[in-house]
Amino acid sequence: MIDRPTTVMTPSADRVADWPLDSDGLLDLGRANLRAGQPLEVVQREVMDGADIAVLAGDEDYASTHLLWLDRYPVVGPYGALVAVPAEGVLFVHPITDGTVYSAGEVLAGATLDRYAQAEKPIAAALYHWHDGEIFLAADLRTSGDEVSIVLSPGFQSLMEHLAR
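Be aware that the sequence shown starts at 0, since it is given in numbering that gives the first Met the number 0, and climbs by one per residue.
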């Protein structure tokens, strides 16, 4: 992707074929350029039952990519982090340390669905598990009228059961 002041372009495969970097090299260069940008602002909040939620926010158009290097921020617990990326410019994060992930998940689900529904640039109505630099689907968020369902992935369900012991 080529990001100019007023436009964003995706170069064709034919165009990049003559460039000195292969597709992996271009991806690495793009990530390095984004990572060299301004860090996101971190606001910590205790929401309920001792569950801490951090809001990571920034003005840049690619703030959501900071999910890839979440370990640069003080928001990761020993079991990783429960993360939502409802819209460009904001990430909601809970460090996974213990059973507080249950109450944090409920809060994150509600905040995610609200932000996603109102966003100019929505990204995902889902929760993710960030662990050791890898990102996995933790839960799909579904709505029916006023009812919200949090559908856990099997892997995250296993982690939740482990933390409940």
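We put the CB at the ideal spot given by N, CA and C, even for glycine.
By the C-beta criterion, the segment 125-134 is judged to be in contact with the segment 82-95, since at least 3 inter-stretch pairs fall below 8 Å. According to the DSSP secondary-structure assignment, Glu-40 is paired through a beta bridge with Ala-56. Within its own chain, the residues whose Cβ lies closer than 7 Å to the Cβ of Asp-139, once the five positions on either side in sequence are excluded, are Ala-125 and Val-150, listed in chain order. The three-state reading of DSSP puts Arg-141 in strand, counting E and B together. Below 8 Å, too few C-beta pairs join the segment 26-45 and the segment 9-16 to call them touching: fewer than three. The beta-bridge partner set that DSSP reports for His-128 consists of Leu-81 and Phe-135. Its Cα nearest to that of Gly-49, the residue Thr-99 stands out among Val-82, Leu-20, Gly-154 and Thr-99.
With distances taken between CA atoms, Glu-133 lies nearest to Gly-79 out of Gly-79, Gly-88 and Pro-121. The criterion of a C-beta distance shorter than 7 Å is not satisfied by Thr-111 and Ala-137. Taking all protein chains shown into account, Gly-88 has 16 or more neighbouring C-beta atoms within 10 Å of its C-beta and is therefore buried. Taking 7 Å as the cut-off, the Cβ atoms of Val-41 and Ala-53 count as close. By the beta-carbon neighbour count (other beta carbons within 10 angstroms, threshold 16), Phe-135 is exposed. Under the DSSP assignment, Val-106 falls in the alpha helix (DSSP H) whose first and last residues are 100-117. If you draw a 10 Å sphere on the C-beta of Arg-114, you find 16 or more other C-beta atoms in it, and that means buried. Judged by their CB atoms, His-65 and Leu-39 are nearer to each other than the 7 Å cut-off.
For the set Trp-68, Leu-107 and Leu-20, the Cα lying nearest the Cα of Val-147 is the one of Leu-107. Nearest to Ala-35 by alpha-carbon distance, out of Trp-68, Pro-73 and Val-74, is Trp-68.
Restricting attention to Val-46, Ala-56 and Asp-60, the CA atom closest to the CA of Val-7 is found in Asp-60.
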